[in-house]
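Let me begin by presenting the structure, written as structure tokens, before commenting on it.
This is the structure we're talking about:
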């Protein structure tokens, strides 16, 4: 894009206009291209550009200078270990091991229940976990599944009981009739 400053056409770019000396780039601007989940896929600076590729769990061999900056799912990557510190640093996620380093203290079934070290319930393609905790959607899903199983069990027991009473099998064994 060309613009005219003080009557002189100059190329528009990031920086500060310093009159007759031209542009001074004090901003060191870097543009990051992301997908719908805020995963950084492309980086472009003044004289360089690079693409990034991730595994489904967020591991990237080449961070192209983004180590310590934004990365997979828009999360910050720790510069020394390469782990993502989710939930404002609450839990460290290791993308190489595809697991959290510590158990989730909100795991609904305690230490031995659902894998408290799992990331996104083992489905990082369809889920994200920005807090490091089991999501409320997952908790709701588990609760509805438990309620559904309890309801099916009740219905099944009710149907069996009705069949026994309707066929008179219960009366032969003293079930369902009044005794004097």
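In my numbering, the protein residues as written are 31 to 210. The beta carbon of each residue, even a glycine, is placed where N, CA and C say it ideally should be.
Annotated three-state conformation of residue 188 is helix, per DSSP. Shown here, residue 193 sits in a helix according to DSSP, grouped into three states. Counting only the Cα atoms, residue 136 lies some 6 Å from residue 163.
The C-alpha of residue 104 lies about 13 Å from the C-alpha of residue 87. DSSP places residue 80 within a strand segment (E or B) once states are collapsed to three. Closest in C-alpha terms to residue 78, from the list 62, 91, 85 and 66, comes 62.
In the displayed model, residue 75 falls within coil according to three-state DSSP, outside both helix and strand. Between residue 123 and residue 160, the alpha-carbon positions lie close to 10 Å from each other. CA-to-CA, the gap between residue 90 and residue 147 works out to about 21 Å. Excluding residues up to 5 positions away in sequence, 87, 88 and 89 lie with their Cβ nearer than 6 Å to the Cβ of residue 125 in the same chain.
Excluding its 5 nearest sequence neighbours in each direction, residue 69 has C-beta neighbours in its own chain below 6 Å: 102 and 103, listed in chain order. DSSP places residue 135 outside both helix and strand once states are collapsed to three, so it counts as coil.
About 15 Å separates the CB atoms of residue 115 and residue 129; that is not less than 8 Å, and the two are not in contact. Here residue 121 is buried, its C-beta having at least 16 other C-beta atoms within 10 Å.
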